[in-house]
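Novice:
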Amino acid sequence: MRRKQFLQFGAGAIALFSLDRLGKNAAQAQDFASFAQASSREKLCSRVLAGRIDRIMGDGTTSEVQLLRLLRLNKAPLNLYGDLPAIYREEATIEGVNYDIAFCQMCLETGFLQFDGDVQPEQNNFGGIGAIGNGARGDSFSDRRIGVRAQIQHLKAYATTKPLVQPLVDPRFSLVKRGTAPLVGQLAGRWAEDVNYDKKIMAILRRLYDLAGFFV
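Numbering (our numbering) for the sequence shown: 1 to 216.
Right, here's the structure in full:
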């Protein structure tokens with residue numbers, strides 16, 4: 001039976017990132033970070049130790065290639081969306097949003113870009129903004145960059161009270177009570193009614209970090 005020894009960070013991350021993948025305890029996990037060659041791995045390890053793995057505001061740690069690999073392994077149509085990882089990294093970084101989290105949310109909302117729900121590909125709506133169920137298709141955006149930007153802005157609305165850097169494109173930004181969900185675990189019941197919404201995002205995030213080799 002696998003030992004379960006978890007860090008007490010946001011609710012959505014509990015039981016998804018266990019210390020037994022990093023070491024027997026926090027001290028060993030810190031040792032892991034000290035000899036890790038990749039700076040991104042060190043950054044992620046320190047974030048786990050500080051309890052900030054599911055904090056929406058912050059830097060992403062993965063590369064464009066690693067994000068593409070996640071899409072490829074989940075049969076996303078890369079011939080149509082091969083530029084999305086770069087767009088997410090650029091747009092999220094401008095607003096100070098963790099692009100790893102935003103990208104994994106997109107993977108959940110779009111079914112890895114298969115768009116098998118109410119939202120259709122031509123809407124460029126990668127966050128399910130305005131798609132409240134019962135066939136409601138949600139909002140549409142002029143191109144994919146603006147669609148990604150709207151999702152990033154909506155995440156920022158929930159995560160912090162800091163002002164936007166870029167002009168507002170999220171049509172529902174003003175409907176959000178600012179700063180009420182700084183953690184992924186607090187999006188359930190706010191961004192989506194699904195009580196497991198946060199856990200699903202964190203499961204994809206864990207998969208991404210596994211593919212990136214951050215947990216060995």
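For every residue, glycine included, the Cβ atom is placed at its ideal position computed from N, Cα and C. Quick caveat, the model's predicted, so the values are computed rather than measured.
What's the C-alpha gap between residue 151 and residue 60?
Specialist: Cα-Cα distance, rounded: 16 Å.
Novice: From 128, 214, 174, pick the residue whose C-alpha is nearest to that of residue 193; which is it?
Specialist: Among 128, 214, 174, the Cα nearest to that of residue 193 belongs to 128.
Novice: Give the secondary structure of residue 52 by DSSP, where H, G and I count as helix, E and B as strand, and everything else as coil.
Specialist: DSSP places residue 52 in coil when its eight states are reduced to three.
Novice: If distances are taken between C-alpha atoms only, which option among 159, 202, 210, 188 comes closest to residue 92?
Specialist: For the residues 159, 202, 210, 188, the minimum Cα distance to residue 92 belongs to 159.
Novice: Could you check if residue 163 is buried or exposed, using at least 16 other CB atoms within 10 Å of its CB as the buried criterion?
Specialist: Its Cβ having fewer than 16 others within 10 Å, residue 163 is exposed.
Novice: When the distance is taken between beta carbons, is residue 67 closer than 8 Å to residue 85?
Specialist: Contact flag set, yes.
Novice: Suppose you measure from the CA of residue 201 to the CA of residue 141; what does that come to, to the nearest Å?
Specialist: Using only the alpha carbons, I get a separation of about 23 Å.
Novice: How is residue 175 classed by DSSP in three states: helix, strand or coil?
Specialist: In the structure shown, residue 175 sits in a helix (DSSP, three-state: H, G or I).
Novice: Whole angstroms is fine: what's the gap from residue 169's alpha carbon to residue 90's?
Specialist: If I take the Cα positions, the gap works out to 16 Å.
Novice: Could you give the first and the last residue of the continuous alpha helix (DSSP H) run that contains residue 151?
Specialist: Segment 144 to 159, the alpha helix (DSSP H) holding residue 151.
Novice: Can you grab the Cα-Cα spacing for the pair residue 106 / residue 126, in whole Å?
Specialist: Approximately 5 Å between the Cα atoms of the pair.
Novice: Going by CA-CA distance only, name the one from 155, 130, 116 that's closest to residue 100.
Specialist: The residue with the shortest Cα to Cα distance from residue 100 is 155.
Novice: Is it true that the CB of residue 157 sits closer than 8 Å to the CB of residue 176?
Specialist: Contact: yes.
Novice: So which of 182, 196, 195, 132 has the shortest CA-CA distance to residue 172?
Specialist: Taking only the C-alpha atoms, the option nearest residue 172 is 132.
Novice: In chain order, what residues of the same chain have a beta carbon less than 7 Å from the beta carbon of residue 165, not counting five sequence neighbours either side?
Specialist: Around residue 165: 94, 95.
Novice: Where does residue 109 land, buried or exposed, given buried means 16+ other C-beta within 10 angstroms?
Specialist: Buried is the call here.
Novice: Relative to the alpha-carbon of residue 87, which residue among 147, 206, 199, 111 has its alpha-carbon at the smallest distance?
Specialist: For the residues 147, 206, 199, 111, the minimum Cα distance to residue 87 belongs to 147.
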